[in-house]
């Protein structure tokens, strides 16, 4: 069995680690063998983002899959949602995206998808990990060893069709919006230019769309990392700017003044757009803003909450047959009518469609959202003390309604605070929100003091 696998992060989406230290080609090959053994012989879709370790790890994964008798359909450098949609649509046994998403370039990961193009559920994931640890892999011999096929255009075309059938493309094209784009030289670089310029007829002004030069800024698209995009919007007088992460599942939006919208507001605008089109309720994670609750209420829809993590949100969406879902904390929009995956392209299409439909600017659309004050942070803690800390937190606010499904979330009519353990560090992650700045700041300070003492 490969060594040091315990230093990998095995989470809801797959495995992740620092390349060359914890995530090695040998380990990636072994995990791919476990994957191929688990899904059975047949076709597996594989793609990647643009980080330097991608080709090495993709070859290792391909070797592992071939060794178990799988056909490998290599789609090259493509966004994760494109890979997921194609996996689910082609009756493949499963799919693997070699990407660490918004994590720094020294990291990489294997995102694992089932035959529907969805992340493995908890049961499937545990079975796969057990199989990996047992190292009892199927070994193909002679004629059982299959082939590698390549297809780039079909997945992209399929992805565009899935998204664009839900917006008025003719109306968007007539507007010829001036759009700025920053794809961080990631997997979305060429695809996003094609999507905005060719499919939606935008007058596109793009930076960081060279897949050969990852990553010119921090990978996660945030207000503090999108300064160049904001400046591009102002300089070129663009009507909107879009920022992506390296695998194209997260979306940040910049308004016409060069102001980066909060991620929760991006999701709230997408929810508003979706609920005008399709029936159903809304699912978000526990850290998502109450603004989404208010938008859902305007449309007479219910809102359900799930633990943090795309797979958790998707599972709840399936159980309630939701119209839309996502994670406001990271700009993740999930629209099941296109596919049950986080997809920045759905977010871009919805934003442009609402602008074309209403004649309003991005800032004007955002002005119609309820206003809340939010703060995020983190506090260190010692392993073994998590349970007592959470219990003390809950006991300190007996008047609050508590949700214990993912750490502890304490809720009041006008505010909430969510404390949960980090999946990657010995830290507690904090998120607080309230209708007033004073209420939010006071609540946040009290909780930090309690946790630190």
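In the working numbering, the protein residues as written are 1 to 453. Built from N, CA and C at the ideal position, the CB exists for glycine as well. As the structure is a computational prediction, the values presented were derived from the model and not from experiment.
Simplified DSSP state of residue i, which is helix, strand or coil
i: residue 439; result: helix
i: residue 98; result: strand
i: residue 401; result: strand
i: residue 114; result: coil
i: residue 226; result: coil
i: residue 444; result: helix
i: residue 276; result: coil
i: residue 425; result: coil
i: residue 201; result: coil
i: residue 266; result: helix
i: residue 206; result: strand
i: residue 84; result: helix
i: residue 212; result: coil
i: residue 12; result: coil
i: residue 232; result: helix
i: residue 259; result: coil
i: residue 449; result: helix
i: residue 89; result: helix
Own chain residues within Cβ distance below 7 Å of residue i, not counting five before or after
i: residue 406; result: 286, 307, 308, 420
i: residue 449; result: none
i: residue 225; result: 217, 218
i: residue 305; result: 284, 285, 286
i: residue 197; result: 204
i: residue 131; result: 34, 37, 38
i: residue 25; result: 56, 57, 60
Residue range of the alpha helix (DSSP H) that includes residue i
i: residue 292; result: 290-298
i: residue 124; result: 122-134
i: residue 54; result: 54-67
i: residue 164; result: 153-164
i: residue 190; result: 189-193
i: residue 244; result: Element bounds for residue 244: not the alpha helix (DSSP H) but the beta strand (DSSP E), 240-244.
i: residue 313; result: 310-320
i: residue 392; result: 386-396
Classification of residue i by the beta-carbon crowding that lies within 10 angstroms, buried from 16 upward
i: residue 49; result: buried
i: residue 148; result: exposed
i: residue 409; result: buried
i: residue 14; result: buried
i: residue 445; result: exposed
i: residue 455; result: With the chain covering only 1 through 453, there is no way to say anything about residue 455.
i: residue 165; result: exposed
i: residue 413; result: exposed
i: residue 220; result: buried
i: residue 123; result: exposed
i: residue 95; result: buried
i: residue 330; result: buried
i: residue 374; result: buried
i: residue 141; result: exposed
i: residue 21; result: exposed
i: residue 297; result: exposed
Chain-order list of residues whose beta-carbon lies under 8 Å from that of residue i (same chain, five-residue window excluded)
i: residue 415; result: 432, 433, 434, 435, 439, 440, 443
i: residue 167; result: 349, 350, 352, 353
i: residue 427; result: 378, 379, 380, 381, 421
i: residue 363; result: 255, 256, 257, 259
i: residue 366; result: 255, 261, 265, 269
i: residue 108; result: 16, 17, 19, 23, 51, 53, 54, 57, 98, 99, 100
i: residue 452; result: 379
i: residue 105; result: 51, 52, 214, 215, 219
Sequence-distant residues of the same chain with beta carbon closer than 6 Å to residue i, five excluded per side
i: residue 377; result: 430
i: residue 64; result: 29, 32, 33
i: residue 268; result: 291, 292, 295, 369
i: residue 394; result: 402, 408
i: residue 390; result: 408
i: residue 311; result: 12, 119
i: residue 341; result: 81, 84
i: residue 163; result: 338, 345, 346, 349
Limits of the unbroken beta strand (DSSP E) element including residue i
i: residue 145; result: Note, residue 145: premise wrong, no beta strand (DSSP E); not H, not E.
i: residue 178; result: 178-182
i: residue 173; result: Premise fails: residue 173 lies in the alpha helix (DSSP H), 169-175, not in any beta strand (DSSP E).
i: residue 410; result: 408-412
i: residue 286; result: That residue, residue 286, is in no beta strand (DSSP E); it is neither H nor E in DSSP.
i: residue 306; result: 303-306
i: residue 76; result: 71-77
i: residue 251; result: 251-254
Residue i at chain D interface by Cβ criterion, 8 Å
i: residue 218; result: Checking the listed chains, one finds no chain D in this structure; it contains a single protein chain.
Quiz prompt | Continuous alpha helix (DSSP H) assignments of at least 4 residues falling wholly in the segment 327-380 | solution = 344-358, 362-367
Quiz item: For the segment 19-53, which segments carrying the alpha helix (DSSP H) assignment without a break, of at least 4 residues, lie completely within its bounds, in sequence order?
Solution: 25-39
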